[in-house]
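Same order as they appear, the protein sequences are chains F and C.
Start counting the first sequence at 611; every next residue gets the next number (this note's numbering).
Start counting the second sequence at 2; every next residue gets the next number (this note's numbering).
Yeah, the Cβ is synthetic: ideal placement off N, Cα and C, and Gly gets one too.
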Amino acid sequence: MTTTTGGGARTAPATRRPGRPRAALGFLLLGLALAVAALLSLAVGANPLPPGVVLDAVLRTDPTLPDHLVVVEKRLPRTLVGLTAGLALGMAGAVMQGLTRNPLADPGLLGINAGASLFVVGAISLLGATSPGEYVWFAFAGAAVSAVVVYGVSSFGREGATPVKLALAGAAVTAALTSIVTAVLLVDQSSLDQMRFWQVGALAARGLPVVAQTTPFIVGGALVALLLGRSLNGLALGDDVARGLGQNIVRTRILAAVAIVALCGAATASVGPIAFVGLLVPHVARSVVGLDYRLILPFSALASPTLLLACDVIARVVARPGELQVGIVTAVIGAPLFIALVRKGKAVRL
Amino acid sequence: MTALSRPVQMTAAALVGAALLTACSGTDAGDDGRTGGGGGDGAFPVTIDSALGEAVIPEEPERVVTWGWSAQDVVLALDVVPVAMPRNDYGGNEDGVFEWDADKIEELGGDQPTILSGAHADAPPLEEIVEARPDVILAPNSGLTQEDFDRLQEIAPTVAYPEQPWATTWQEQVDIVGRALGKEDEAAALLEDTQAQVEALAGENPELEGTTFFYAAANEADVLNVYREYDPRVEMLTDLGMEPSASVSELDTDPDDSFFFQVSYENLQEIETDVLVMYFADEASLEEFTSDPLVAAMPAVQEGRFAPIVGEDFVMASSAPTVLSIPWMLDRYVPELVAAAENVE
Chain F
611 MTTTTGGGAR
621 TAPATRRPGR
631 PRAALGFLLL
641 GLALAVAALL
651 SLAVGANPLP
661 PGVVLDAVLR
671 TDPTLPDHLV
681 VVEKRLPRTL
691 VGLTAGLALG
701 MAGAVMQGLT
711 RNPLADPGLL
721 GINAGASLFV
731 VGAISLLGAT
741 SPGEYVWFAF
751 AGAAVSAVVV
761 YGVSSFGREG
771 ATPVKLALAG
781 AAVTAALTSI
791 VTAVLLVDQS
801 SLDQMRFWQV
811 GALAARGLPV
821 VAQTTPFIVG
831 GALVALLLGR
841 SLNGLALGDD
851 VARGLGQNIV
861 RTRILAAVAI
871 VALCGAATAS
881 VGPIAFVGLL
891 VPHVARSVVG
901 LDYRLILPFS
911 ALASPTLLLA
921 CDVIARVVAR
931 PGELQVGIVT
941 AVIGAPLFIA
951 LVRKGKAVRL
Chain C
2 MTALSRPVQM
12 TAAALVGAAL
22 LTACSGTDAG
32 DDGRTGGGGG
42 DGAFPVTIDS
52 ALGEAVIPEE
62 PERVVTWGWS
72 AQDVVLALDV
82 VPVAMPRNDY
92 GGNEDGVFEW
102 DADKIEELGG
112 DQPTILSGAH
122 ADAPPLEEIV
132 EARPDVILAP
142 NSGLTQEDFD
152 RLQEIAPTVA
162 YPEQPWATTW
172 QEQVDIVGRA
182 LGKEDEAAAL
192 LEDTQAQVEA
202 LAGENPELEG
212 TTFFYAAANE
222 ADVLNVYREY
232 DPRVEMLTDL
242 GMEPSASVSE
252 LDTDPDDSFF
262 FQVSYENLQE
272 IETDVLVMYF
282 ADEASLEEFT
292 SDPLVAAMPA
302 VQEGRFAPIV
312 GEDFVMASSA
322 PTVLSIPWML
332 DRYVPELVAA
342 AENVE
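#1: Quick one: list the residues of chain F neighbouring Thr146(C), beta-carbon separation under 8 Å, in chain order.
#2: Could you spell out the range, first to last residue, of the alpha helix (DSSP H) harbouring Pro773(F)?
#3: Please tell me whether Arg926(F) has its Cβ less than 9 Å away from any Cβ of chain C.
#4: What would DSSP say about Tyr91(C), mapped onto helix, strand or coil?
#5: Based on Cα-Cα distance, which residue from Ala749(F), Ala698(F), Val668(F), Pro676(F) lies nearest to Gly831(F)?
#6: Give the residues of chain F in contact with Glu210(C), contact being defined as C-beta atoms less than 7 Å apart.
#7: Have a look at Gln935(F) and Val810(F) and give me their C-alpha separation to the nearest angstrom.
#8: Closest to Asn843(F) by C-alpha separation, out of Pro826(F), Ile906(F), Leu890(F), would be which residue?
#9: Express the C-alpha separation of Ala653(F) and Glu230(C) in angstroms, rounding to a whole number.
#10: Measuring only between beta-carbons, confirm whether Pro660(F) sits less than 9 Å from chain C.
#11: How would you write the range of the alpha helix (DSSP H) that Asn220(C) sits in, first residue to last?
#12: With three or more beta-carbon pairs closer than 8 Å as the criterion, would you say the segment 129–137 of chain C touches the segment 79–92 of chain C?
#13: Which word fits Asn723(F), buried or exposed, when buried means at least 16 other C-beta atoms lie within 10 angstroms of its C-beta?
#14: Using a Cβ distance threshold of 8 Å, determine whether the segment 306–313 of chain C contacts the segment 280–290 of chain C, with at least three qualifying pairs required.
#15: Quick one: what does DSSP say Glu205(C) is sitting in, helix, strand or coil?
#16: Taking Cβ positions only, does Leu277(C) come closer than 9 Å to chain F?
#17: With burial defined as no fewer than 16 other Cβ atoms inside 10 Å of the residue's Cβ, what is the status of Thr67(C): buried or exposed?
#18: For Asn94(C), return the contacting residues in chain F, with the cut-off set at a CB-CB distance below 7 Å.
#19: If you drop the 5 nearest sequence neighbours on each side, which residues of the same chain put their C-beta closer than 8 Å to that of Arg816(F)?
#20: Along the chain, where does the beta strand (DSSP E) that runs through Phe729(F) open and close?
#21: Name the residue from Lys684(F), Pro631(F), Ala634(F), Gly641(F) whose alpha carbon lies nearest to the alpha carbon of Ala913(F).
#22: Going straight from the alpha carbon of Gly616(F) to that of Arg840(F), what length do you get?
#23: By DSSP, does Ala52(C) sit in helix, in strand, or in coil?
#24: Give me the chain C residues within the contact set of Gly655(F), using Cβ-Cβ distance strictly less than 8 Å, ordered along the chain.
#25: List, in chain order, every chain C residue whose beta-carbon is nearer than 8 Å to that of Leu679(F).
#26: With a threshold of 9 Å between beta-carbons, can Thr878(F) be considered close to chain C, or not?
#27: If we ignore side chains and look at the alpha-carbon of each, how far apart do Asp102(C) and Trp171(C) end up?
#28: At the level of alpha carbons, what is the spacing between Ala341(C) and Gly211(C)?
#29: Using 8 Å for Cβ pairs, my map puts Gly179(C) next to Glu185(C). What's the rounded Cβ distance?
#30: Kindly list, in the order they appear in chain C, the residues whose Cβ is closer than 7 Å to that of Thr772(F).
#31: Rounded C-beta distance between Gln177(C) and Pro141(C)? I'm assuming under 8 Å.
#32: Give the secondary structure of Ala715(F) by DSSP, where H, G and I count as helix, E and B as strand, and everything else as coil.
#33: Please state whether DSSP places Val47(C) in a helix, a strand or coil.
#34: If we count Cβ pairs, one from each stretch, closer than 8 Å, do we get three or more for the segment 857–873 of chain F versus the segment 702–711 of chain F?
#35: Assuming Met237(C) is part of the alpha helix (DSSP H), what are its boundary residues?
#36: For Phe319(C), would you say it is in contact with chain F, using Cβ-to-Cβ distances shorter than 9 Å as the test?
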């Protein structure tokens, strides 16, 4: 019973305990990897610009030079979108997996993507929204509304919003909303074109306004998520144990839901539905730092944008002189990685 | 995501599918499909071979149903109003009928065709087709499957594509439809007239001769889709005397892939051309494109050597040219190309 006040490692018996210096070194390396990914994202693209030009473009931007525009107008916003959305995807995945105790939890599971899609298609079809800056708010609102609905529906009954009920309600809401989206798209060709643009899951062409619009939500959601680490450790032991440990389960669930809506909503709004990043990274985190959410959350916050930016760099160079959407690369890379994790038996353990 | 795959396929048909017209554009309007009868006026029965099987048309068909891309254009151009034809959401009017088809139907008089539901990429609506009591079903440029074909054959003799789905040129379509309707001579004349019209316009506008062009579309985020030489859009411009810019082949790393390839906005400055030709569904998407700083920095855009094709009907007519859509759009298309070509130093 005293474990709640003890070290994080003790709350979760199965944790492999990395020593404090080792953990610090690990996070330092992760931070370095993220910095390298961000630099690569600025330096590497469909146009093989020399590093000197890239440096020049950042330090002494000349808006009359197309090469500088490539770096400042394309790669820089894209890198910032990757950083913020990547962080949000990773932390959202971690919180969702902790909250639902479902190893497959990701933004698709709780109806977040479906809600965002419905609102985006509504904005395009009914209100004539055309640019990401316009429909980002609708994606966000849709994510929030569907999360509230899913949470509300699964709160009925005595036990409240249990993991199983959350997953079931999420699946049901996703199915319902997706069919409405499909119905709208079937009759509205011009919505389809815009929707395709959003739905494809890309960092390109989102732009700085999208970063500015979503960053406050991502920062807020990330802070709430970081504060939830210990409570999620408690939830991992089961509701009864957590309650026995003196935790306020309802408050934890509500705060976690708020963090998820802020993070998932912002990530989905800015980059569209990107598969596997939010699902995969928390599993990698668990296999490296153990089961302590106070370590899993910051690990995911650093590793997810690294993965996303690395995938985006790959997406830009494999199809020169064109480029792929990052969503395609994360799926191609993420699927086998995820299968490998499952086969090693690490993914299913929460 | 999976739930969206069907609409995405629809897009492929509605936007891009037209371009699949192209794959074998050897424009061999020749005899490979013909086995029996053939021959001029009223030489029925006619047998037409397709990739999916034979159609035996016993006598001159009166009730014609079309399916797939543009077959109704040829039928109408041969002065026959189909009893049923497919809906065209992209570029059609509120009934899903192209303006050039609507004009021709009005000119010919008679009953309005039934508009078949479903996108071209879907299975044909069998019940609606039965209802139309066809004598012949013409789908020379379509995505019919063997199963679709077999079912349609039970309703009426059905003509599918000669080799590949969605890969029949507009010239081949004229030949196939002409034979099916027993109007081979008229079809040949139609083809000749249309070709002559294009040539005449080329002659009247010598500015176009030898002017290089780069044909692309901004359908995706920060990436241009560039059409290769055998695309019907591109062929139309070469028929008018223009020449594909060298940049097209220089940037093309995988020329045998499909009818288009992609160039990132990062590489827009690699594009060297006299005239940049692109299509846009509406003014808003044109503005969105030109507001991109890298696009605005392109010499062709800065110097007015840019010929945007704006509006769904105009886009359809110029992207999937037919004997009806070519006359409809050329009077508008050519002046815009000339205006851009005149700004070439």
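In brief:
#1: One-based indexing of the second sequence puts residue 146(C) at position 145. Correct list: empty, because the minimum Cβ distance to chain F is about 21 Å.
#2: Translated into the one-based positions of the first sequence, residue 773(F) becomes position 163. Counting along the chain, the unbroken alpha helix (DSSP H) around Pro773(F) starts and ends at 773–797.
#3: Taking the first sequence and counting its residues from 1, the one referred to as residue 926(F) is at position 316. It does: the Cβ of Arg926(F) has a partner Cβ on chain C nearer than 9 Å.
#4: Your numbering for residue 91(C) matches position 90 in the second sequence. Coil.
#5: Within the first sequence, residue 831(F) is the residue found at index 221, counting from 1. For Gly831(F), the nearest C-alpha among the options comes from Ala698(F).
#6: For this step, residue 210(C) is matched to residue 209 along the second sequence. Scanning chain F for C-beta atoms nearer than 7 Å to the C-beta of Glu210(C) yields nothing, as the closest lies near 29 Å away.
#7: Taking the first residue of the first sequence as 1, we reach residue 935(F) at position 325. Taking the first residue of the first sequence as 1, we reach residue 810(F) at position 200. The alpha-carbon atoms of Gln935(F) and Val810(F) are separated by roughly 7 Å.
#8: Locating residue 843(F) in the first sequence gives position 233, where the first residue counts as 1. Nearest option by C-alpha distance: Ile906(F).
#9: For this step, residue 230(C) is matched to residue 229 along the second sequence. For this step, residue 653(F) is matched to residue 43 along the first sequence. C-alpha separation (whole angstroms): 33 Å.
#10: In the first sequence, counting from the first residue as 1, residue 660(F) sits at position 50. Judged by the 9 Å Cβ criterion, Pro660(F) is not in contact with chain C.
#11: By one-based count along the second sequence, residue 220(C) stands at place 219. Where Asn220(C) is concerned, there is no enclosing alpha helix (DSSP H), although the beta strand (DSSP E) it sits in stretches over 213–221.
#12: In the pairwise beta carbon analysis, the segment 129–137 of chain C is classified as touching the segment 79–92 of chain C: at least three pairs are separated by under 8 Å.
#13: Here residue 723(F) corresponds to residue number 113 of the first sequence, with the count starting at 1. It is buried - the Cβ of Asn723(F) has at least 16 other Cβ atoms within 10 Å.
#14: For the pair of segments examined, the segment 306–313 of chain C was found to touch the segment 280–290 of chain C: the number of CB pairs separated by less than 8 Å reaches three.
#15: On the second sequence, position 204 is the one that residue 205(C) refers to. Three-state result, Glu205(C): helix.
#16: Along the second sequence, read from residue 1 onward, the residue named residue 277(C) stands at position 276. No - not a single Cβ of chain F is within 9 Å of the one on Leu277(C).
#17: The residue given as residue 67(C) occupies position 66 in the second sequence. Its Cβ being crowded by 16 or more others within 10 Å, Thr67(C) is buried.
#18: Indexing the second sequence from 1 puts residue 94(C) at position 93. None at all; the shortest Cβ gap to chain F is about 13 Å.
#19: Counting from one through the first sequence, the residue named residue 816(F) turns up at place 206. Excluding five sequence positions before and after Arg816(F), the CB atoms of its chain that fall closer than 8 Å to its own CB belong to Pro687, Arg688, Val691, Pro742, Ser880, Val881, given in chain order.
#20: Counting from 1 along the first sequence, the entry for residue 729(F) is found at position 119. For Phe729(F), no beta strand (DSSP E) encloses it; the enclosing alpha helix (DSSP H) starts and ends at 722–737.
#21: Taking the first residue of the first sequence as position 1, residue 913(F) is located at position 303. For Ala913(F), the closest alpha carbon among the candidates Lys684(F), Pro631(F), Ala634(F), Gly641(F) is that of Gly641(F).
#22: Position 6 of the first sequence, counted from the first residue, corresponds to residue 616(F). Position 230 of the first sequence, counted from the first residue, corresponds to residue 840(F). The predicted model places Gly616(F) with a pLDDT of 40, which falls under 50 and marks its position as unreliable, so this point remains unresolved.
#23: Residue 52(C) sits at position 51 when you count from the first residue of the second sequence. Coil, per DSSP.
#24: Reading the first sequence from its first residue, position 45 is the one you call residue 655(F). Within 8 Å Cβ-Cβ: Ser265, Glu267.
#25: As a first step, residue 679(F) must be located in the first sequence, where it is residue number 69. Per Cβ cutoff of 8 Å: Pro294, Leu295, Ala298.
#26: Start at 1 with the first residue of the first sequence, and residue 878(F) comes out as number 268. With 9 Å as the cut-off, Thr878(F) does not count as an interface residue toward chain C.
#27: Against the second sequence, residue 102(C) aligns to sequence position 101. Against the second sequence, residue 171(C) aligns to sequence position 170. For Asp102(C) and Trp171(C), the gap between their C-alpha atoms comes out near 15 Å.
#28: As a first step, residue 341(C) must be located in the second sequence, where it is residue number 340. As a first step, residue 211(C) must be located in the second sequence, where it is residue number 210. Within the model, the alpha-carbon separation for Ala341(C) versus Gly211(C) is close to 13 Å.
#29: In the second sequence, residue 179(C) corresponds to position 178, counting from 1. In the second sequence, residue 185(C) corresponds to position 184, counting from 1. Gly179(C) to Glu185(C), Cβ: 5 Å. Contact.
#30: Numbered from its first residue, the first sequence carries residue 772(F) at position 162. Under a criterion of Cβ atoms nearer than 7 Å, no residue of chain C is adjacent to Thr772(F); the nearest Cβ is some 27 Å distant.
#31: In the second sequence, the residue the question calls residue 177(C) occupies position 176. In the second sequence, the residue the question calls residue 141(C) occupies position 140. Note that residue 177(C) is Ile in the sequence shown, not Gln. Your pair Ile177(C) and Pro141(C) checks out as a contact, with CB atoms roughly 4 Å apart and the cut at 8 Å.
#32: Translated into the one-based positions of the first sequence, residue 715(F) becomes position 105. Ala715(F): coil per DSSP, three-state reduction.
#33: Stepping through the second sequence from its first residue, residue 47(C) is reached at position 46. The answer is strand: DSSP assigns Val47(C) an E or B state.
#34: Two segments are said to touch when three or more pairs of C-beta atoms, one from each, lie closer than 8 Å; by this definition the segment 857–873 of chain F touches the segment 702–711 of chain F.
#35: Locating residue 237(C) in the second sequence gives position 236, counting from the first residue. For Met237(C), the enclosing alpha helix (DSSP H) has its first and last residue at 233–240.
#36: Your numbering for residue 319(C) matches position 318 in the second sequence. The amino acid occupying residue 319(C) in the given sequence is Ser; Phe does not appear at that position. Judged by the 9 Å Cβ criterion, Ser319(C) is not in contact with chain F.
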